[in-house]
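Student: The number in our numbering is simply the position in the sequence shown, starting from 1, with 2 added. Backbone N, C-alpha and C fix where the C-beta goes; we use that ideal spot for every residue, glycine too. Just passing along the structure, written as structure tokens.
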Amino acid sequence: MNDKLKTALFKQDACPNPYVCPLTEHSPAAILFFSTGRVAPTGLKAGLGADSCIIREEPRREAQFYRKAVPHIANDVRRRKTKTPARLPGQSFKQPGNPYPDGRFSADGRTMNWSEHDIVASIHAVPPTEVAPQCPDTLYTYMIGCP
């Protein structure tokens, strides 16, 4: 019997916070590079073996929290779906930076099998509305940002 809780970490593609890497990446050094030096995703993915995913931005207001949290850069945050941070106005100092835009690895949140996880932690994102009621044994947590 495995007593270890199965954990998932997710963000949406319109999110100013880390990580943009293949879902299969578990190397601490690679995750740290992909997460612009922020350590939370590294610890969850490498230390706890958490699965990770990036979901596409939902049209619902609560899924676009970044528009209220960082209104001065909201348009640039949205552009990160298709552009790397270093290619955004005023961000050229982020060279060499991550070679992938945030949308590179994103998927529709409705296609994810959330029920296979005991804990689902999000960074600045919410799962599609219909997901949580379908997974009553899954604990959903929300991080407003990542240190």
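Assuming K83 and G105 form a contact by the criterion Cβ under 8 Å, report the distance between their Cβ atoms to the nearest whole angstrom.
Tutor: Indeed, because the Cβ distance is near 4 Å, the residues count as touching under 8 Å.
Student: Give the list of continuous alpha helix (DSSP H) stretches no shorter than 4 residues that lie fully inside the region 66 to 144.
Tutor: 68 to 71, 76 to 81 and 133 to 136
Student: Return the first residue and the last residue of the beta strand (DSSP E) that S54 is part of.
Tutor: For S54, the uninterrupted beta strand (DSSP E) run begins and ends at D53 to I57, by DSSP.
Student: Just how far apart, CA to CA, sit G51 and V72?
Tutor: 31 Å
Student: What distance in whole Å lies between the Cβ atoms of V133 and G111, which are believed to be in contact at a cut-off of 8 Å?
Tutor: 7 Å
Student: Beta carbon of L11, beta carbon of L46: below 7 Å?
Tutor: yes
Student: Of the choices C55, A31, D139 and V122, whose alpha-carbon is the least far from that of Q14?
Tutor: C55
Student: For R63 versus S108, is the C-beta distance shorter than 7 Å?
Tutor: no
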